[in-house]
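See below for the structure under consideration.
Numbering (this note's numbering), first residue to last: 375 to 570.
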């Protein structure tokens, strides 16, 4: 992957297209395309600046671990170790937060604070899996988020890119929800949702 510094702005179309390609069959996903979506979602957090640097760093680590597992000739598309299952589960939990946050942005007015939407998304998702210290740090970072329009300018750049992102966001979230549900069912079926 090109480094986050090499590309200036977040491109939701990359996320949407890779989500579409991720759906191999009805009850399975292609992790290579799933991870490509996450690389672009990671750019979103990277572009928010140092306040979300910890999120970007965590996502990058998990993506890297899973890509290494995928490239291993012994593993291929099937993760057989607890470590890889745990890493994918943590990425999956993060995905639930990202979906909730982006969905919350849809109905937000341009001059409304994104911090409330982010806080609500976090409280309903990732906060359930984080320690008190991490929850506190995350909430402090969220408090510093700008109003919706400023956030979108920061991550998308131009007004044209913002318009395009807002236009395809609902469809992207639909594809993302399908993928989320597939992974959730796999973890439920194998009793892996309680992995730390």
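Glycine included, every Cβ here is placed at the ideal spot set by N, Cα and C.
Burial of residue 396 is indicated by the presence of at least 16 other C-beta atoms within 10 angstroms of its C-beta. Here the region 478 to 494 lies against the region 519 to 535, with 3 or more beta-carbon pairs under 8 Å apart. In the DSSP assignment, residue 491 falls within the unbroken alpha helix (DSSP H) covering 488 to 498. In the DSSP assignment, residue 521 forms a beta bridge with 487.
With fewer than 16 other Cβ atoms inside 10 Å of its own Cβ, residue 502 counts as exposed.
For residue 483, the CB contacts under 8 Å within the same chain, skipping 5 residues up- and downstream, are 522 in chain order. Only exposed fits residue 508, as fewer than 16 other CB atoms lie within 10 angstroms of its CB. Here residue 435 carries a helix assignment [DSSP, helix/strand/coil].
Nearest to residue 415 by alpha-carbon distance, out of 538, 529, 556, is 529.
Straight through space, the alpha carbons of residue 388 and residue 568 are spaced by roughly 31 Å. Rounded to the nearest angstrom, the gap between the Cα atoms of residue 403 and residue 549 is 12 Å.
The beta carbon of residue 426 is closer than 8 Å to those of 419, 420, 515 in its chain, skipping five residues each way along the sequence.
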